[in-house]
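Before any comments, here is the structure.
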Amino acid sequence: MEKELKERDDKYVELDTKFLRLHKRAKQRIQDIQKEKDDLEARFNEVNQKAEQAASLQLAAQQELERARQQASEALRSMDAERQQLRTVNSK
Numbered sequence: 001m002e003k004e005l006k007e008r009d010d011k012y013v014e015l016d017t018k019f020l021r022l023h024k025r026a027k028q029r030i031q032d033i034q035k036e037k038d039d040l041e042a043r044f045n046e047v048n049q050k051a052e053q054a055a056s057l058q059l060a061a062q063q064e065l066e067r068a069r070q071q072a073s074e075a076l077r078s079m080d081a082e083r084q085q086l087r088t089v090n091s092k
């Protein structure tokens, strides 16, 4: 009977040791996954910020392009008006 109790106690100790080892590994794995998640979130935020900056730069470039087009259009109209005046002066 005492032998059975000893065997049972040994078995419980063995199972408890295995459980503690598994629990420790599970805790470590959870910490590793949490760190990986945090790293991915940081990378996502960084990429998102860069995308927002790129969109802002693209918008600024589009606005600058539109201003340049308007200036070119105005310059062409002005040149046309000057040419028309020169033709009028030359035809007199």
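For the sequence shown, UniProt numbering gives the first residue as 1, with consecutive numbering after it.
Ideal Cβ placement from N, Cα and C applies to all residues, glycine included.
Looking at the structure shown, is residue i part of a helix, part of a strand, or coil, going by DSSP?
i, result
"residue 79", "helix"
To which residues of the same chain is residue i closer than 6 Å at the C-beta, ignoring the five residues directly before and after it?
i, result
"residue 71", "none"
"residue 82", "none"
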